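Q:
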Amino acid sequence: MAISSLLNISRDALMTYQGAISVTGSNIANVNNADYTVQRATISARTQLSSFQAGTGVDLTSVTRVYDQYIGNRIIDETSNSGYWDTRSGILGQVEVLYDETDTAGLTKDLEAFWDSWSDLAQNPTGLVEQNAVVAASDNLASNIRDKYQSLQTILAGVNESIAGTVNSINSLAADIAELNRSIVSASNSGAGVNELIDKRDAAIRSLSELIPVQTVADESGSVSVFLANGQMLVSGISSRELEVGATGDVTFKGNTTPLDSLITGGKLGALLELRDETLPGYMNSLDTLAAAVITEVNTLHGSGVDQTGAAVTGRLFFASTPVGSSAAFTMSVASGILSDPTTIVASQTVAGDGAVASAITALQNQGIVTSGTQQVTTSEYWASSVSTVAKDISLAGQKAEQSAAVMTQLESQRANVSGVSLDEEMIYLIQYQLGYSAAGQLCGTAQEMLDTLMGLVQ
Amino acid sequence: MSLRITDGIRYQTMLANMKTAQKGTGDLVEQLGTGKRINHPSDDPAGAQSLIEWSSARSEIAQYQDQISSTDLWLQTTDLALGRVEALVEQVADLAAGNVSSGTGERQAAIDTIEAVRTELLSLANETCGDRYLFAGTNADEAAFSIATDAFGNRTYTYEGSGDGLTVAVGRQATLEYSTTGDDVFYENGTSVFRILEDLSTALASGDSAAIGQAADDLETLSTRVLEAQSINGIRQDRLESARAYLTNLDAKLADLVDKTETADTAALAVQFSQQELALEASYKLASRVGNLSILDFMK
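Residue numbers (my numbering), protein chains in the order written: chain A, 1 to 459; chain B, 1001 to 1300.
Shown next as structure tokens:
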């Protein structure tokens, strides 16, 4: 074996350890990069040329990512889950403000003031103060119901905008993933390193899964296909499909009319669609039901009796009638005639002072005038159960979001356990590789001395 | 493979713990600050639902109590008015009975008294509570009795009120008729007390003993009827009082329920708060130390 081969071995070793130290350096540099997957230099001996010869040195054969696919998949699933509950809990947080029935405010107090005012009027049916109080309390009730309904509509409009924004983000992420697939396949074909590209792609898939639940399948070429939860392909190799929001608000694949709404049940998009199509309309319907019941029942009783002049009155409306096709809550208001002249209130049944109509309207407060499912309940029971429904939704969303965050922390910790960068560990590797490098340098010096000795012999 | 605790996760765990401790402290501060256990409906959905229902029930009770108070005033006024009516009717009945066969001078004096009584009775019959007429029944916005005087100076008395009494709700299923109607207490045999008195004056002036005797009997019967009306009024006051006591009791029970559901247990909260404070302090202390632990400190 030639002495010069010692120099080769020394050269290869120096290069190998230098490479390994670069890998360690890169790991240290990325210690605070959450998407980074720790890399390890694989160092292996070069093969012997023959069984009579010593080894031919060392080689840095590959730089690999330390990665657990199972944990990766769990994180993708849980990210969808946490995206769903975070979004739901955030938007319902806006709704809760409308249903905050504290001591001094809220529809409960408005309803109480409304019934109270009728009760006072029943005691003094022709009293101007009582008549004005009824109009004021009714106007307040109507305007607060309207306000709540409009606020829900505003939230709903915001949700709709978010849906469009989310669909755009999904499209751009899907395009990114397809582009990264292309880069990865072409880089690995040319033998270049792809670890950082894979990290980027994983980060993109994770961001995507927060918006919409996805499943991924990797193929031999190194590209990853992304499917929606129902098996429809979103990214296939280097091409991706786009989603769009149709004129009716349905989410479809571009150029396809089949709605995907019912299939998207998770992620931010799933939460937004459910809020838009079920949750918020449900809350708005319950306000409508309440408003419609109050309007109808009060108007029916108010429609026949005598006003304060003693004149018999038929069909005089107290609340303005709801226009056909409109929402009762959205249009609820005291009839303009009553509003401008409270003395036109019909409070009595047969003579101006009997107050029977006002009494009957007061009594509505403990009658089941609102239909809730198969039951007839009072206005306060109905409102209490509406508030409770909203509160349960909010409470559940909050709890689930917290649970999901806890699971994510666990999974992140597991991922870090496998793929995270530990500075202590990297320092040990650094010492190890540095020693190897020094020793290889020493080998070079020794080889040089040996050559010098040899040259000295021939002089 | 041994468990690798990496640097990133150390900081993340620390951050998560700190957030948990901060949220816990924040929740407790809110409860301590407001003194309430339920500050948002989602703090306790079922509790929030009960609170709304109880609040409505208490508001309804307050309505009944308001009505009871105003009705109570009405009944007291009625009681006073009826007491005076009874005394006056009794007075003229006695006067009539004593003057069946008295002399002209005495009869003239009696006529003067009767005229004064008639005027006072009319004013009592049109007595009001607030701006509503006590004895007009459901037609309480108009005076119970009106007088029309014809060209010859003859007066006609008409009851303008209604035969139906005013009612008040003192509970969901309980209504109480509380007004005494004028046609009950100011009429005898279909003739108003004012007409009887006018006729009595005429009879006294003409010395018609039979008519005077008849008037005395009628007035005596009427005074009994007024007494009856007064005792019915008293029974109504009793009923109102018992309804008020029941409602007060019910309201107190509801208030107790509201208190138990809504009010935070301050002592327990204070203990939890100091625990939570400790946890928060610990997480801060840990945060200041965690960065110091590294192999780099030992490499020279």
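Ideal Cβ positions, reconstructed from N, Cα and C, are used throughout, including at glycine.
It should be emphasised that the depicted structure is a prediction, and the values quoted were computed from it without experimental measurement.
Rounded to a whole number of angstroms, what is the C-alpha to C-alpha distance between Tyr1064 (chain B) and Val1168 (chain B)?
A: As a working mapping, residue 1064 (chain B) is identified with position 64 in the second sequence. As a working mapping, residue 1168 (chain B) is identified with position 168 in the second sequence. For Tyr1064 (chain B) and Val1168 (chain B), the distance between alpha carbons rounds to 9 Å.
Q: Counting only beta-carbon atoms, is Asp424 (chain A) nearer than 8 Å to chain B?
A: Here the question's residue 424 (chain A) lines up with position 424 in the first sequence. Output row for Asp424 (chain A): interface = yes.
Q: Taking the alpha carbon of Leu396 (chain A) as the point to measure from, which residue in B:Leu1293, B:Ser1042, B:Leu1176 has its own alpha carbon closest?
A: As a working mapping, residue 396 (chain A) is identified with position 396 in the first sequence. The shortest C-alpha separation from Leu396 (chain A) is found at B:Ser1042.
Q: What are the start and end residues of each continuous beta strand (DSSP E) run of 3 or more residues lying completely inside the segment 292-342 of chain A, in chain order?
A: 304-306, 312-314
Q: Taking the alpha-carbon positions, what's the Phe1152 (chain B) to Asp1199 (chain B) distance?
A: What you label residue 1152 (chain B) is simply residue 152 of the second sequence in a count that begins at 1. What you label residue 1199 (chain B) is simply residue 199 of the second sequence in a count that begins at 1. Distance between the alpha carbons of Phe1152 (chain B) and Asp1199 (chain B) is about 16 Å.
Q: Indicate the three-state DSSP secondary structure (helix, strand or coil) for Ser385 (chain A) in the structure shown.
A: If you number the first sequence from 1, residue 385 (chain A) lands on position 385. The answer is helix: DSSP assigns Ser385 (chain A) an H, G or I state.
Q: Closer than 7 Å, Cβ to Cβ, to anything on chain B: give me those residues from the segment 60-93 of chain A, in chain order.
A: none
Q: Does any residue of chain B bring its CB to less than 8 Å from the CB of Met15 (chain A)?
A: Within the first sequence, numbered from 1, the residue matching residue 15 (chain A) stands at position 15. No, Met15 (chain A) lies away from the interface with chain B (no Cβ there is under 8 Å from its Cβ).
Q: State buried or exposed for Pro1045 (chain B), treating a residue as buried only when at least 16 other CB atoms are found within 10 Å of its CB.
A: Residue mapping note: residue 1045 (chain B) aligns to position 45 of the second sequence, counting from 1. Answer is buried; the Cβ neighbour count reaches 16.
Q: Leaving out five residues on either side along the sequence, give the residues of the same chain with a beta carbon under 6 Å from the beta carbon of Val377 (chain A).
A: Translated into the one-based positions of the first sequence, residue 377 (chain A) becomes position 377. Correct list, in chain order: Gly368, Val370.
Q: Between Ala133 (chain A) and chain B, is there a C-beta pair that is closer than 8 Å?
A: Locating residue 133 (chain A) in the first sequence gives position 133, where the first residue counts as 1. No, Ala133 (chain A) lies away from the interface with chain B (no Cβ there is under 8 Å from its Cβ).
Q: Which first and last residues belong to the beta strand (DSSP E) in which Met233 (chain A) is found?
A: By one-based count along the first sequence, residue 233 (chain A) stands at place 233. Here the beta strand (DSSP E) through Met233 (chain A) covers 233-236.
Q: Which residues mark the beginning and the end of the alpha helix (DSSP H) in which Gln1173 (chain B) is found?
A: Stepping through the second sequence from its first residue, residue 1173 (chain B) is reached at position 173. Element bounds for Gln1173 (chain B): n/a, residue is neither H nor E.
Q: Which residues of the segment 31-52 of chain A have a Cβ closer than 7 Å to any Cβ of chain B? Give them in chain order.
A: Per Cβ criterion, the list reads Val31, Asn32, Ala34.
Q: What's the C-alpha gap between Asn168 (chain A) and Glu161 (chain A)?
A: By one-based count along the first sequence, residue 168 (chain A) stands at place 168. By one-based count along the first sequence, residue 161 (chain A) stands at place 161. Taking the straight line from one Cα to the other gives about 11 Å.
Q: Please look up how many angstroms separate the CB atoms of Cys63 (chain A) and Asn195 (chain A), rounded, as I've assumed it's under 8 Å.
A: Along the first sequence, read from residue 1 onward, the residue named residue 63 (chain A) stands at position 63. Along the first sequence, read from residue 1 onward, the residue named residue 195 (chain A) stands at position 195. It should be noted that the sequence gives Val, not Cys, for residue 63 (chain A). Asn195 (chain A) and Val63 (chain A) do touch by the CB rule: their CB atoms are close to 7 Å apart, below 8 Å.
Q: Buried or exposed: Thr126 (chain A), going by 16 or more other Cβ atoms within 10 Å of its Cβ?
A: Here residue 126 (chain A) refers to the residue found at position 126 when the first sequence is read from its first residue. The residue in question, Thr126 (chain A), is buried, as its Cβ has 16 or more Cβ neighbours within 10 Å.
Q: Please report whether the beta-carbon of Glu242 (chain A) lies at a distance below 8 Å from any beta-carbon of chain B.
A: Working through the first sequence from its first residue, we reach residue 242 (chain A) at position 242. No - not a single Cβ of chain B is within 8 Å of the one on Glu242 (chain A).
Q: Between Ala1148 (chain B) and Thr1156 (chain B), what straight-line distance do the alpha-carbon atoms span, to the nearest angstrom?
A: Within the second sequence, residue 1148 (chain B) is the residue found at index 148, counting from 1. Within the second sequence, residue 1156 (chain B) is the residue found at index 156, counting from 1. Rounded to the nearest angstrom, the two C-alpha atoms are 5 Å apart.
Q: Check whether the Cβ of Ser1126 (chain B) lies closer than 8 Å to any Cβ atom in chain A.
A: Taking the first residue of the second sequence as 1, we reach residue 1126 (chain B) at position 126. Here residue 1126 (chain B) turns out to be Asn, not Ser, going by the sequence shown. By this cut-off, Asn1126 (chain B) is not an interface position.
Q: Which residues in chain A have a C-beta closer than 9 Å to the C-beta of Gln1067 (chain B)? List them in chain order.
A: One-based indexing of the second sequence puts residue 1067 (chain B) at position 67. Chain A residues near Gln1067 (chain B): Ser119, Asp120, Ala122, Gln123.
Q: Following the continuous beta strand (DSSP E) through Val1168 (chain B), name the residue where it begins and the one where it ends.
A: Start at 1 with the first residue of the second sequence, and residue 1168 (chain B) comes out as number 168. 1167-1169 is the extent of the beta strand (DSSP E) around Val1168 (chain B).
Q: Mapping the DSSP letters down to three states, classify Phe1152 (chain B) as helix, strand or coil.
A: Taking the second sequence and counting its residues from 1, one reaches residue 1152 (chain B) at position 152. In the structure shown, Phe1152 (chain B) sits in coil (DSSP, three-state: anything other than H, G, I, E or B).
Q: Measure the Cβ-Cβ separation of Ile3 (chain A) and Met450 (chain A) and say whether it is below 8 Å.
A: Here residue 3 (chain A) refers to the residue found at position 3 of the first sequence. Here residue 450 (chain A) refers to the residue found at position 450 of the first sequence. Their beta carbons are under 8 Å apart, which means Ile3 (chain A) touches Met450 (chain A) by this criterion.
Q: Inspect the beta-carbon positions of Ile1009 (chain B) and Ser26 (chain A) and report whether they are closer than 8 Å.
A: Position 9 of the second sequence holds residue 1009 (chain B). Position 26 of the first sequence holds residue 26 (chain A). No, they are not a contact pair.
Q: To test your reading of the DSSP string, which unbroken alpha helix (DSSP H) runs of 4 or more residues are found completely within the segment 75-127 of chain A?
A: 107-123
Q: Could you check the C-alpha separation between Ser422 (chain A) and Arg1004 (chain B) for me, to the nearest Å?
A: The sequence position of residue 422 (chain A) within the first sequence is 422, counting from 1. The sequence position of residue 1004 (chain B) within the second sequence is 4, counting from 1. Ser422 (chain A) and Arg1004 (chain B): Cα-Cα distance of roughly 7 Å.
Q: Go ahead and label Thr1113 (chain B) buried or exposed: buried means 16 or more other beta carbons lie within 10 angstroms of its beta carbon, across all protein chains shown.
A: By one-based count along the second sequence, residue 1113 (chain B) stands at place 113. That one is exposed.
Q: Should Arg1172 (chain B) and Asn366 (chain A) be called a contact, given that it needs their Cβ atoms to be closer than 8 Å?
A: Walking along the second sequence from the start, residue 1172 (chain B) turns up at place 172. Walking along the first sequence from the start, residue 366 (chain A) turns up at place 366. Yes, the pair counts as a contact, with Cβ atoms nearer than the cut-off.
Q: Count the CB pairs spanning the segment 1213-1221 of chain B and the segment 1084-1093 of chain B that are closer than 8 Å, and state whether there are at least three.
A: yes
Q: Confirm, please, whether the CB-CB distance from Asp35 (chain A) to Ala203 (chain A) is below 8 Å.
A: One-based indexing of the first sequence puts residue 203 (chain A) at position 203. One-based indexing of the first sequence puts residue 35 (chain A) at position 35. Taking 8 Å as the Cβ cut-off, Ala203 (chain A) and Asp35 (chain A) qualify as a contacting pair.
Q: Using CA coordinates, which residue listed in A:Leu263, A:Val217, A:Gly222, A:Met332 is at the minimum distance from Asn230 (chain A)?
A: Within the first sequence, the letter at position 230 stands for residue 230 (chain A). Of A:Leu263, A:Val217, A:Gly222, A:Met332, the residue nearest in Cα terms is A:Leu263.
Q: Taking only beta-carbon positions, decide if Thr126 (chain A) is within less than 8 Å of chain B.
A: To locate residue 126 (chain A), count along the first sequence from 1; it is residue 126. Answer yes: the Cβ-Cβ gap between Thr126 (chain A) and chain B drops below 8 Å somewhere.
Q: In the DSSP assignment, find the unbroken alpha helix (DSSP H) run with Leu1025 (chain B) in it and report its ends.
A: What you label residue 1025 (chain B) is simply residue 25 of the second sequence in a count that begins at 1. The question names Leu, yet the displayed sequence has Thr at residue 1025 (chain B). 1007-1034 is the span of the alpha helix (DSSP H), which, as asked, contains Thr1025 (chain B).
Q: Among B:Ser1123, B:Leu1250, B:Glu1142, B:Leu1122, which residue has its Cα nearest to the Cα of Asp1131 (chain B)?
A: Numbered from 1 along the second sequence, position 131 holds the residue referred to as residue 1131 (chain B). Comparing Cα-Cα distances from Asp1131 (chain B) to each of B:Ser1123, B:Leu1250, B:Glu1142, B:Leu1122, the minimum goes to B:Glu1142.
Q: Taking contact to mean 3 or more Cβ pairs, one atom from each stretch, closer than 8 Å, check whether the segment 117-133 of chain A and the segment 96-105 of chain A are in contact.
A: no
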